[in-house]
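**Student:** Following this note's numbering, the numbering of the sequence shown begins with 803 at its first residue and continues without gaps. Shown below is the structure under consideration.
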Amino acid sequence: MIQDTPAPTGRRDRILTAALDVVAEEGAIRVTYRRIAAAAGVPLGSVTYYFDDLNQLLTEAFTRLAETVSAHYRAQLEAARTPEEARDAVVDIMSGTLWTSERDPLLTFELYAFAARTPELRTVLNSWMRASRDALARHFDPLTARALDALVEGFTLHNFFDHTPLGRDDIASVVQALLERDRGISDGKK
C-alpha cells in the first residue's frame with residue numbers, strides 16, 4: 803500500500819522565493835519550472851504540484867514581493883507624525899530606503915514588464931499602487947499622493963540606471979517644491 807507523504811514544511815514558500823531569485827538573476831522571460839526547482843532545491847514535480855502554470859507561480863511570487871515592499875513603504879509613512887516627518891519619509895523612500903533588498907528594484911522592473919502582457923499581474927501592480935497611494939494619503943491630498951507615488955517610481959528607475967544618481971538633498975528639494983506648489987494652489991495663490 804502506497805501512503806501519501808506530506809510535503810515538507812515550507813516547500814511552497816521555498817519555491818516562491820526561488821522564483822523571485824530566478825527572476826532577479828535571469829529575468830521573468832527566462833523562468834522555467836526546471837530553473838525554479840533547481841534554485842529551490844526541490845524535485846521538479848514539487849513545482850508543478852503546487853502551481854498549475856508559470857503565470858500562477860509568478861503571480862504569487864510577485865504578489866509576495868509587492869506585499870513585502872508595500873508593508874515597508876506603509877510602515878515608513880505610518881511612523882511619520884508631522885508633515886515634516888511625512889516629507890522626510892517620502893524623501894527617504896525615494897532615496898532608496900524603500901527596498902528591503904538590493905534585488906527589489908530589479909524585481910519591480912520585471913514585474914512592470916511582465917504585467918504589461920499578463921492581466922493577473924496587472925491586478926497585483928494596481929493593488930500595490932493603490933496601497934502606496936493610500937499610505938501617502940494619510941499625510942497628503944489624493945493628487946499630491948499620486949504625484950509623490952509617481953516620483954517614487956521615477957526616481958527609483960532613474961537612480962537605478964543613472965551613473966550619477968540624484969542624492970537625498972536633491973530629491974528633498976524636488977519633493978519640497980512639489981509640496982510648496984501644492985500648498986500654493988490649495989491656498990489660492992496660483
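For every residue, glycine included, the Cβ atom is placed at its ideal position computed from N, Cα and C.
How many Å lie between S988 and T834 at the Cα?
**Tutor:** If you number the sequence shown from 1, residue 988 lands on position 186. If you number the sequence shown from 1, residue 834 lands on position 32. For S988, the pLDDT reaches just 49, beneath the cut-off of 50, and the residue's location in the model is therefore unreliable, although a value from the coordinates is still provided. Whole-angstrom Cα-Cα distance: 52 Å.
**Student:** If you measure between the beta carbons of L953 and L879, is that distance less than 8 Å?
**Tutor:** Taking the first residue of the sequence shown as position 1, residue 953 is located at position 151. Taking the first residue of the sequence shown as position 1, residue 879 is located at position 77. Their beta carbons are not under 8 Å apart, which means L953 does not touch L879 by this criterion.
**Student:** Classify S872 as buried or exposed, calling it buried when 16 or more other Cβ atoms lie within 10 Å of its own Cβ.
**Tutor:** Along the sequence shown, read from residue 1 onward, the residue named residue 872 stands at position 70. So S872 counts as buried.
**Student:** Below 8 Å on the Cβ atoms is my guess for A839 versus D823; work out the distance and round it to an integer in Å.
**Tutor:** Taking the first residue of the sequence shown as position 1, residue 839 is located at position 37. Taking the first residue of the sequence shown as position 1, residue 823 is located at position 21. About 12 Å; that fails the 8 Å criterion.
**Student:** First and last residue of the alpha helix (DSSP H) that includes G847?
**Tutor:** Taking the sequence shown and counting its residues from 1, the one referred to as residue 847 is at position 45. Looking at the DSSP string, the run of the alpha helix (DSSP H) that includes G847 is 846–852.
**Student:** Is DSSP giving S872 helix, strand or coil here?
**Tutor:** Within the sequence shown, the letter at position 70 stands for residue 872. If DSSP states are grouped into helix, strand and coil, S872 belongs with the helices.
**Student:** Using three-state DSSP, classify T941 as helix, strand or coil.
**Tutor:** Within the sequence shown, residue 941 is the residue found at index 139, counting from 1. Rather than Thr, the amino acid found at residue 941 in this sequence is His. DSSP places H941 in coil when its eight states are reduced to three.
**Student:** Whose C-beta lies closer than 7 Å to the C-beta of Y852 among residues of the same chain, with five residues either side of it excluded?
**Tutor:** Within the sequence shown, the letter at position 50 stands for residue 852. Contacts found: R814, I817.
**Student:** Just to check my reading of the structure: F864 and L923 have Cβ atoms closer than 8 Å, yes? What is that Cβ distance to the nearest angstrom?
**Tutor:** Here the question's residue 864 lines up with position 62 in the sequence shown. Here the question's residue 923 lines up with position 121 in the sequence shown. So it is a contact: roughly 6 Å between Cβ atoms.
**Student:** Ignore the nearest five residues each way along the sequence and tell me which others in V849's own chain have a CB closer than 6 Å to its CB.
**Tutor:** Here the question's residue 849 lines up with position 47 in the sequence shown. Closer than 6 Å at the Cβ level, and outside the excluded window around V849, lie I817, Y835, I838, A839.
**Student:** With DSSP run on the structure shown, which of helix, strand or coil describes W901?
**Tutor:** Taking the first residue of the sequence shown as 1, we reach residue 901 at position 99. In the structure shown, W901 sits in coil (DSSP, three-state: anything other than H, G, I, E or B).
**Student:** Is it buried or exposed for S897, if we count other Cβ within 10 angstroms and need 16 for buried?
**Tutor:** Stepping through the sequence shown from its first residue, residue 897 is reached at position 95. It is buried - the Cβ of S897 has at least 16 other Cβ atoms within 10 Å.
**Student:** What does a CB cutoff of less than 6 Å around A891 pick up in its chain, not counting 5 residues either side in sequence?
**Tutor:** Here residue 891 is taken as the residue at index 89 of the sequence shown, counted from 1. Hits under 6 Å: Q878, L879, A882.
**Student:** Within its chain, find whatever has a CB closer than 7 Å to the CB of A820; leave out the 5 residues flanking it on each side and keep chain order.
**Tutor:** Position 18 of the sequence shown holds residue 820. Here the set comprises I838, A841, A842.
**Student:** Taking C-alpha atoms, which residue in T946, L913, T902, T811 lies nearest to N857?
**Tutor:** Looking up residue 857 in the sequence shown gives position 55. Looking at the Cα atoms, L913 is the closest of the given residues.
**Student:** Near V893, what residues of its chain come up, given a Cβ to Cβ distance below 7 Å and the 5 sequence neighbours on each side ignored?
**Tutor:** Here residue 893 refers to the residue found at position 91 of the sequence shown. If we look at V893 and ignore the five residues flanking it on each side, its Cβ neighbours are R970, I973, A974, V977.
**Student:** Which of the three DSSP states is assigned to T920 in this structure?
**Tutor:** Within the sequence shown, numbered from 1, the residue matching residue 920 stands at position 118. The answer is coil: DSSP assigns T920 none of H, G, I, E or B.
**Student:** When the Cα atoms are used, what is the spatial distance from A947 to A830?
**Tutor:** Looking up residue 947 in the sequence shown gives position 145. Looking up residue 830 in the sequence shown gives position 28. About 30 Å.
**Student:** Using only the alpha-carbon positions, how far apart do I943 and R983 sit?
**Tutor:** Locating residue 943 in the sequence shown gives position 141, where the first residue counts as 1. Locating residue 983 in the sequence shown gives position 181, where the first residue counts as 1. Rather than Ile, the amino acid found at residue 943 in this sequence is Asp. Rounded to whole angstroms, D943 to R983 spans 13 Å at the Cα level.
**Student:** Quick check: the Cα distance between T966 and E955, rounded to an integer number of angstroms?
**Tutor:** One-based indexing of the sequence shown puts residue 966 at position 164. One-based indexing of the sequence shown puts residue 955 at position 153. Roughly 17 Å separates the two Cα atoms.
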